[in-house]
Ligand code: AMP
Ligand code: MG
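Numbering (my numbering), first residue to last: 312 to 735.
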């Protein structure tokens, strides 16, 4: 068994701000190293393990930036008008064969290859044309204008995309434009997921009095799939040290990360702490945030030769579980998966209501962001902000993010919001 590295923060309860907790997590993690080659069409959302180097110049030839007439810039008369004779038409994708005499030009379409010796394109709308005669008034165009140079977007041998890039649709197009059909990406991060609590029932089970369905596993599974992780679903685990130990041992054997919900609040935590202390160096934090105060994080010992397995133990309340996932686990899992820094994407919206808030903790309230009639964005809070009310999170399309030191917000003030759709 390999020893985990030093715990980011000593075990035991720590009071931390959101910023301190995030920093402690980020500084503890090392990205996975495993890679695989994938055909381009399967690479959406995957993280590049090496730079994509362009094998070609882009564009591959000097070409025209405009529909117009291509000619040699040296033919421009310094004072009077220039008159040229058009001797043919060049379409995109059909290179010109032949040579031009001085005083001749070619009708050229945007993207068509510039014939050798021609360096300037006068746009159609800037010249007067009478059958084959093209007249250009002085001062309208300078030699070399409207020519896109070979390699001007990207020279052969230069990186088109850097390692750590999480591939978006446009990146797939960019890579295809280079003629590259395969990419090296990091393997998927393997995340073992389970829920804890005697009161939980899984879908399909009878719901006895006092029991609730396990919803966290489904919301977290969805969030993990969006991040591109491979989910190992370990189901429900009872509040029992033997069951917890067994499940964690299995998780450690199979996964890079263990994600749990429930069982880290004060009342719950006694045997959880004992079991986790046996298996690794997990710190229990009280994070100054609402929702989501209890949170545990740290390394579990992995089988020999493997890096530590990182435990993220989220609070059980369904909203708190998802909010702490978005605030801490999302960025951390992207980091482990080899992606570049991915802080929560924030924008600003005008609050339609006053929001009560005391400095000294971060708050994440559920809100509906919509276009404001006068331009920009506005936000209103959804109904109950209770940590267990999943419906109000489902009605929301964003979190209103109120910083640690921020006080109450007046109606009409700008606040930070994070759109759920912006969260990979
Ligand atoms: P805990 O953090 O275990 O004390 O749980 C806090 C609250 O969240 C309790 O009301 C639990 O019933 C509820 N809860 C815990 N885990 C889940 C889950 N997986 N799905 C739905 N509710 C849960
Ligand atoms: Mg519980």
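All C-beta atoms in this analysis are idealised placements derived from N, C-alpha and C, irrespective of residue type, glycine included.
Note that the structure is predicted; figures quoted are calculated from it, not measured.
{"query": "Got a sec, what are the start and stop residues for the beta strand (DSSP E) residue 736 sits in?", "result": "Residue 736 is absent from the model: the chain starts at 312 and stops at 735."}
{"query": "Whole angstroms are fine: how far does the CA of residue 643 sit from the CA of residue 316?", "result": "With a pLDDT of 45 at residue 316, under the threshold of 50, the predicted position of this residue should be treated as unreliable, though the coordinate-derived value follows. Using only the alpha carbons, I get a separation of about 17 Å."}
{"query": "Check whether the Cβ atoms of residue 351 and residue 492 sit closer than 7 Å, and answer yes or no.", "result": "yes"}
{"query": "Name the one or two DSSP bridge partners that residue 380 has.", "result": "418, 433"}
{"query": "With three or more beta-carbon pairs closer than 8 Å as the criterion, would you say the stretch 513-533 touches the stretch 548-557?", "result": "no"}
{"query": "Can you list, in chain order, the residues of its chain with a C-beta nearer than 7 Å to that of residue 714? Leave out the 5 residues immediately preceding and following it.", "result": "673"}
{"query": "From this set, 502, 618, 458, which residue's C-alpha is nearest residue 429's C-alpha?", "result": "458"}
{"query": "Quick check on this structure: which residue in 504, 520, 712 has the alpha carbon closest to the alpha carbon of residue 545?", "result": "504"}
{"query": "Can you have a look at residue 523 and say buried or exposed, based on whether 16 or more other CB atoms are within 10 angstroms of its CB?", "result": "exposed"}
{"query": "Grouping DSSP H, G and I as helix and E and B as strand, with all else coil, what is residue 313?", "result": "Low local confidence applies: a pLDDT of 44 at residue 313 is under 50, so the model's placement there is unreliable, and no value is given."}
{"query": "For residue 362, tell me which candidate among 650, 695, 401, 654 has the shortest Cα-Cα distance.", "result": "650"}
{"query": "Alpha carbon to alpha carbon, how far is residue 415 from residue 433?", "result": "13 Å"}
{"query": "What does a CB cutoff of less than 6 Å around residue 328 pick up in its chain, not counting 5 residues either side in sequence?", "result": "599, 715"}
{"query": "How would you label residue 408, buried or exposed, when you count the other beta carbons within 10 angstroms and need 16 or more for buried?", "result": "exposed"}
{"query": "Can you look up residue 600 in the DSSP assignment and give me helix, strand or coil?", "result": "strand"}
{"query": "Which ranges does the alpha helix (DSSP H) cover as unbroken runs of at least 4 residues, wholly within the stretch 638-697, from first to last along the chain?", "result": "641-647"}
{"query": "Go ahead and label residue 339 buried or exposed: buried means 16 or more other beta carbons lie within 10 angstroms of its beta carbon, across all protein chains shown.", "result": "buried"}
{"query": "By the three-class DSSP mapping on this structure, what secondary structure does residue 480 have?", "result": "helix"}
{"query": "Cutting at 6 Å between CB atoms, please list the residues of its own chain near residue 447, excluding the five before and the five after it.", "result": "393, 433, 438"}
{"query": "Since residue 332 is in the beta strand (DSSP E), which residue starts that stretch and which ends it?", "result": "Here residue 332 belongs to no beta strand (DSSP E); instead the alpha helix (DSSP H) covers 329-339."}
{"query": "For the stretch 454-473 against the stretch 357-374, are there 3 or more C-beta pairs whose distance is under 8 Å?", "result": "yes"}
{"query": "Three-state secondary structure (DSSP) at residue 733?", "result": "helix"}
{"query": "Grab the span of the beta strand (DSSP E) containing residue 262 for me, first residue to last.", "result": "Here the chain comprises residues numbered 312 to 735, so residue 262 is not present and cannot be evaluated."}
{"query": "Is residue 506 near the ligand AMP, judged by its Cβ being under 6 Å from some heavy atom?", "result": "yes"}
{"query": "Could you check the C-alpha separation between residue 662 and residue 602 for me, to the nearest Å?", "result": "20 Å"}
{"query": "Tell me whether the beta-carbon of residue 305 lies closer than 7 Å to the beta-carbon of residue 645.", "result": "This structure cannot speak to residue 305, because the chain is shown only from 312 to 735."}
{"query": "Can you tell me where the alpha helix (DSSP H) holding residue 710 begins and where it ends?", "result": "Residue 710 -> not in any alpha helix (DSSP H); beta strand (DSSP E) instead, spanning 709-713."}
{"query": "Secondary structure at residue 518, three-state DSSP: helix, strand or coil?", "result": "coil"}
{"query": "Specify the secondary structure class of residue 428 as computed by DSSP and reduced to three states.", "result": "coil"}
{"query": "Does residue 695 pass the burial test, meaning 16 or more other C-beta atoms within 10 Å, or should it be called exposed?", "result": "exposed"}
{"query": "Please classify residue 449 as buried or exposed, where buried requires at least 16 neighbouring CB atoms within 10 angstroms.", "result": "exposed"}
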